[in-house]
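Everything below concerns the one structure shown next.
Numbering (my numbering), first residue to last: 1 to 117.
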């Protein structure tokens, strides 16, 4: 349920946006996306392969990303994913919504000092 003190459900609701963030930095393939998310979380969150590919499929259907096959110059052929213009717009909108929600949640949850005095 909790990984490093972080609720997996809290992360799960934002996986698509996290993947869009990774792809906004450049085209990438599945395993590298997982590694980048792990690295970005300082090792506190590891996205499961099944969750990644479910999200990638959903993002493709929504036309937020596109897939293409890379060449075989670095071993086997890999399927790469790239963010679309609509994906960039969606990421920016989701990021703004996240920042607003984060401020509100902080206000609602954090214990404040002697406010009632």
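C-beta atoms are modelled at their ideal positions from N, C-alpha and C, and glycine is treated no differently.
Small disclaimer: the values here were computed from a predicted structure and weren't measured.
Alpha carbon to alpha carbon, what distance is there between residue j and residue i?
i           : j           : result
residue 104 : residue 97  : 11 Å
residue 55  : residue 108 : 30 Å
residue 73  : residue 67  : 18 Å
residue 30  : residue 52  : 7 Å
residue 88  : residue 59  : 12 Å
residue 47  : residue 101 : 23 Å
residue 28  : residue 10  : 24 Å
residue 61  : residue 19  : 15 Å
What residue does the beta strand (DSSP E) around residue i start on, and which one ends it?
i          : result
residue 32 : It is not in any beta strand (DSSP E) - residue 32 instead sits in the alpha helix (DSSP H) that spans 30–40.
Buried or exposed: residue i, going by 16 or more other Cβ atoms within 10 Å of its Cβ?
i          : result
residue 36 : buried
residue 14 : exposed
residue 3  : Unreliable placement is indicated for residue 3, whose pLDDT of 47 sits below 50; the coordinate value is still reported in the next sentence. Residue 3 should be labelled exposed.
residue 71 : exposed
Spell out the partners DSSP gives residue i in its beta bridges.
i          : result
residue 67 : 81
For the alpha helix (DSSP H) containing residue i, list its first residue and its last residue.
i          : result
residue 8  : 8–12
residue 24 : 15–24
residue 58 : 49–61
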